[in-house]
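Right, one structure below, let's go through it.
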Amino acid sequence: MKNRTQLAVLMGMLLPGAAMAATINGEALNQDGTPLKYATVEIESLNVTVTADKDGKFTLPDLAQGEYVLHIVSPGYAHLHQAVQVKNGAVAPISFYLKRSPIEVVDIVASPMHMSIMESAAPVSVLSGETLRRQQASTLGDTLEKQPGVQSNFHGNVASTPIIRGLSGPRVLIAQNGLDVSDVSRVGPDHSVASEASTSQQIEVLRGPATLFYGSGAIGGVVNVVDGRVPTSNDTRGEWSLETDSVNNKKLAAFNVTTGADDIGFYADGYWRETDDYDTPVAPDIDDPDGAHTVENSAEESNGFTLGTSYLFDEGYLGIAVEQFNREYGIPGHSHGDEEDLDEEEQVYADLEQTKVQLLGEYNVNGEWLRQLQFKAGYTDYEHAEIELGSVGTLFENTTQEVRLELLHNKIANWNGGISLHYKNADVSAQGEEAFTPPSETQLLALGIMEERHFGDFLVQLGARIERVTIDAPNVLLPELSAHNHEDEEEEDEHDHDHEEETSVSRVFAVDQTFTPVSVSAGIVWDFTPGYNVALSVSRSQRAPSASELLSFGPHIGTGTYEIGALFALSGDEDAAFALSGQAIDLETANNIDISFRKTDGDIGFVFNVFYNQVDNYYYQTNTGLFAESSHDHDHGEEEAETDEHTDELPVYLFGADDAILHGFEAQIAWQVTDTFKAQIFSDYVRARLKDGGDLPRTPPLRFGTQLSYETEQYSAHLDITHYGEQDRIADYETTTDSYTLVDAVVTYNTQLFQQDIALFLKGTNLTDTEARVHTSFLKDLAPRPGRSIGIGLRGYF
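In terms of numbering that gives the first Met the number 0, the sequence shown has 776 at position 777, counting the first letter as 1, and numbering is strictly consecutive.
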């Protein structure tokens, strides 16, 4: 009833009453004529949505004369877009037939333009529903790694972030409901993402440049975690889950619930997770094959909650939500001694706390030109302390304010779209002896435009964005660092390891950099024959380098490196030293082309993507072959000092900019063999190299896998087999990584109890107990993937 009232008000504002007499009566059916109960029906141009009843019937009343395109969605079926001509009076009942799709099709919700895996020019995918619950893990990267084109930089099972087509870090934006998650996970792989999968509704992945929607930090892609923290209805619904796993004694409890009364909606969610150090099939340290089969210091304790409320009115909603996110986790490889010999107080761990406030709203303006306003604003207070020997060794802080306003217009010459205004201010600081980046403030102000139009069987999507990015760092340090190599053992013996000399500062100066990135894109989707389409997307995207890429100068123990930013350069002296670089700091520019070929419906569906991405001024770290003291004052004892005089030394990595080329493919094929049995196969590959020769470091290997699924109303079973190929295309000072195959399985029993849908599941991961070292991980030689694990859990839906 609310949707009908909204539609009536909308039309009443635009047209005289005499013209408001049309109604669309319809029914959603499958190809066999079976009703699709509770299908969703939307008129995109009016932003009006209704839900079909249990017989698949629906009504759209009070429409003005004209043509409307209906978008009809039902799980397990391809989306249907069908034009309907409306005149005065009721339109005779229309039957809309949806075709089966073995590839799940879910819309991207955080984009003002219509995007899904089968329908958009840009390649996207969504992890949602039962698939999300089966694949959710403690970290975001591990949750998404079965998505084509997405892998994980697996960091000891505690802090894994997504890698999209070989790109990660500052090139992949992690968002929560369309706003930057605002942690420090893009500064270092040992920093956990401050977002939780167990309470989310869906996780969206935009592969390739997505700068038009999210900004220049998304030059490699976007991961957007969507939840219902600001409710858009007052219907009562929710879910809860309990789970445990054997490999790390994991215990998880989570819930989310939406309810309300009258014009007010309420939302709450919460979770609690605890794990021990995880077991491995072999000794974790590749240089210590006789060690215990446990990754020391890989335990975690996490908890969090979110409370939200919104005011619901006929023209939209406005709401606010507050989240508290807490995570305490060990950092494998971060210790300054033998972790197996350390007691609990001596192990290094991270204590992460984040408070996030989001204000979200939507208002249907119904004006002559303006159709809708979408508003998002967020404030985040983030703190990440690394605890060493019972005290804070390094403290990272990030305070972020962000506002996004999207103004969507009515059709102009049959073009749909709008303007995006975006502001973000991030104040990031690090304090302590491992603070390898100075405090800095980054400010972004952007204007974007996005438009799309149908030309018969063609969908054209266009966009452009211009930004102003400033980086202000008032106290940048240039230490007197005399790096050295280990080639000449005699020189090593004469080398002075005085920590005080290594950490003295030769200069303190201010940095104030301003950049103007400009990004443009164009895409076209051609439905060249029923059930098939081909898509082409081209873009030119620019990115300002991050503060850490420019200003770093210090030890980063989590990655086992001494990091130096692009603002500095290595001198050519015999005793290697670093000074300010005379090179200009340029924008990173990606020229990307994507081609997709898709079969959208039938018993067999597929998606094939190929991409080519040439990146000018690609910022990346190179191993200089030099070593530097980590500047610690820890007493290692005489015996340890005698056995290893380089205990506190780290390899020096220097940020530089070169032209790079990344190209590859993603393939996904699904076959609905019977109504209950489905088979899927997928593969992805990226070749990442420098234009003038040489390979980029930590590039994911070729991967292919299969999933076999059996599903009935009461039982389901899923078997996943994924093979990761050998990676022997490596950068200088890297080592090759062997191939491995992982086997996972989940069996679920579904029933009803206390008016709830209940799912009892048994889950097995790495069932063959295979040694699996992740090439993209900084800890691949210290922390392989977990060994065989058996888990059991219970989920409820109401």
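Backbone N, C-alpha and C fix where the C-beta goes; we use that ideal spot for every residue, glycine too.
May I ask you to report which of helix, strand or coil DSSP gives residue 213? Helix, per DSSP.
Tell me whether residue 595 sits in a helix, a strand or coil according to DSSP, three-state version. If DSSP states are grouped into helix, strand and coil, residue 595 belongs with the strands.
For residue 321, which residues of its own chain have a beta-carbon under 6 Å away from its beta-carbon, when the five flanking residues on both sides are left out? Shown here for residue 321: same chain residues with a beta carbon closer than 6 Å to its own, the five before and five after excluded, namely 306 and 356 in chain order.
Going by DSSP, which residues form a beta bridge with residue 670? Paired residue(s): 603 and 678.
Element boundaries [beta strand (DSSP E), containing residue 257]: Segment 249-260, the beta strand (DSSP E) holding residue 257.
Which one or two residues does DSSP pair with residue 468 in a beta bridge? Note: residue 468 sits in a beta bridge opposite 443 and 514.
Classify residue 506 as buried or exposed, calling it buried when 16 or more other Cβ atoms lie within 10 Å of its own Cβ. Counting the other CB atoms within 10 Å of its CB gives residue 506 a total below 16, which places it among the exposed residues.
Touching by the beta-carbon criterion (3+ pairs, under 8 Å), the segment 257-266 and the segment 753-766: Taking a cut-off of 8 Å for Cβ pairs, the segment 257-266 and the segment 753-766 do not touch, as fewer than three such pairs fall below it.
Determine whether the beta carbon atoms of residue 559 and residue 433 lie at a separation below 8 Å. Cβ distance not < 8 Å, so residue 559 and residue 433 don't count as in contact.
Note the first and the last residue of the continuous alpha helix (DSSP H) segment covering residue 170. Residue 170 -> no alpha helix (DSSP H), and no H or E assigned at all.
According to DSSP, simplified to helix, strand and coil, what is residue 648? For residue 648, the three-state secondary structure derived from DSSP is strand.
Let me confirm a value: residue 611 is counted as buried when at least 16 other C-beta atoms fall within 10 Å, else exposed. Which label applies? Looking at its Cβ environment, which holds fewer than 16 other Cβ atoms inside 10 Å, residue 611 is exposed.
In three-state DSSP terms, what is residue 562? In this structure, residue 562 counts as strand in the three-state DSSP scheme.
With 16 other CB atoms within 10 Å as the buried threshold, where does residue 759 fall? Its Cβ having fewer than 16 others within 10 Å, residue 759 is exposed.
Measuring alpha carbon to alpha carbon, tell me which residue in 192, 80 and 99 is nearest residue 153. Nearest C-alpha to residue 153: 192.
How would you write the range of the alpha helix (DSSP H) that residue 349 sits in, first residue to last? Run containing residue 349: none in the alpha helix (DSSP H); it sits in the beta strand (DSSP E), 348-363.
Under DSSP, the beta strand (DSSP E) around residue 704 begins and ends at which residues? Where residue 704 is concerned, the enclosing beta strand (DSSP E) stretches over 702-710.
Residue 386, buried or exposed, once every other Cβ within 10 Å from all chains shown has been counted against 16: When all chains shown are included, residue 386 counts as buried.
Mind checking residue 289: buried by the 16 CB within 10 Å criterion, or exposed? A residue is called buried when at least 16 other Cβ atoms come within 10 angstroms of its Cβ; residue 289 does not meet this threshold and is exposed.
Bridge partners for residue 766 per DSSP, in chain order? As computed with DSSP, residue 766 is found in no beta bridge at all.
Chain-order list of residues whose beta-carbon lies under 6 Å from that of residue 257 (same chain, five-residue window excluded): These residues qualify, in order along the chain: 227, 230, 236 and 266.
Quick check: what's the CA-CA separation for residue 436 versus residue 545? Each residue's Cα considered, the two are about 11 Å apart.
Can you grab the Cα-Cα spacing for the pair residue 249 / residue 738, in whole Å? Residue 249 and residue 738: Cα-Cα distance of roughly 27 Å.
Name the one or two DSSP bridge partners that residue 522 has. Paired residue(s): 460 and 536.
Let me know the secondary structure DSSP gives residue 129 once reduced to three states. Helix at residue 129.
Give me the Cα-Cα distance between residue 720 and residue 92, rounded to the nearest whole angstrom. Straight-line Cα distance between these residues: approximately 47 Å.
Counting only beta-carbon atoms, is residue 211 nearer than 8 Å to chain B? Any reference to chain B falls outside this structure, which holds one protein chain only.
Do you know how far the Cα of residue 786 is from the Cα of residue 375? If you draw a straight line from the Cα of residue 375 to the Cα of residue 786, it is about 42 Å long.
What is the residue span of the beta strand (DSSP E) that residue 50 lies within? Counting along the chain, the beta strand (DSSP E) containing residue 50 begins and ends at 47-50.
Kindly identify the DSSP beta-bridge partner or partners of residue 617. Beta-bridge partners assigned by DSSP to residue 617: 657.
Proximity below 8 Å, CB of residue 445 to CB of residue 421: Result yes, Cβ atoms of residue 445 and residue 421 sit closer than 8 Å.
Inspect the CB distances between the segment 519-526 and the segment 467-480 and report whether three or more fall short of 8 Å. A contact is defined here as three or more CB-CB pairs under 8 Å, and the segment 519-526 fails this definition with respect to the segment 467-480.
Evaluate residue 208 with the Cβ neighbour count: other Cβ atoms within 10 Å of its Cβ, from every protein chain shown; 16 or more gives buried, anything less gives exposed. Buried, since its Cβ has 16 or more Cβ neighbours within 10 Å.
Let me know if residue 514 comes out buried or exposed under the rule of 16 or more other beta-carbons within 10 Å of its beta-carbon. Label assigned to residue 514: buried.
Can you give me the Cβ contacts of residue 638 inside the same chain, cut-off strictly under 7 Å, excluding the 5 residues immediately before and after it? Residue confidence is low: residue 638 scores 42 on pLDDT, short of 50, so the model does not pin down where it sits. No coordinate-derived value is stated.
Length of the line joining the Cα atoms of residue 238 and residue 128: Taken atom to atom, the span from the alpha-carbon of residue 238 to that of residue 128 is near 11 Å.
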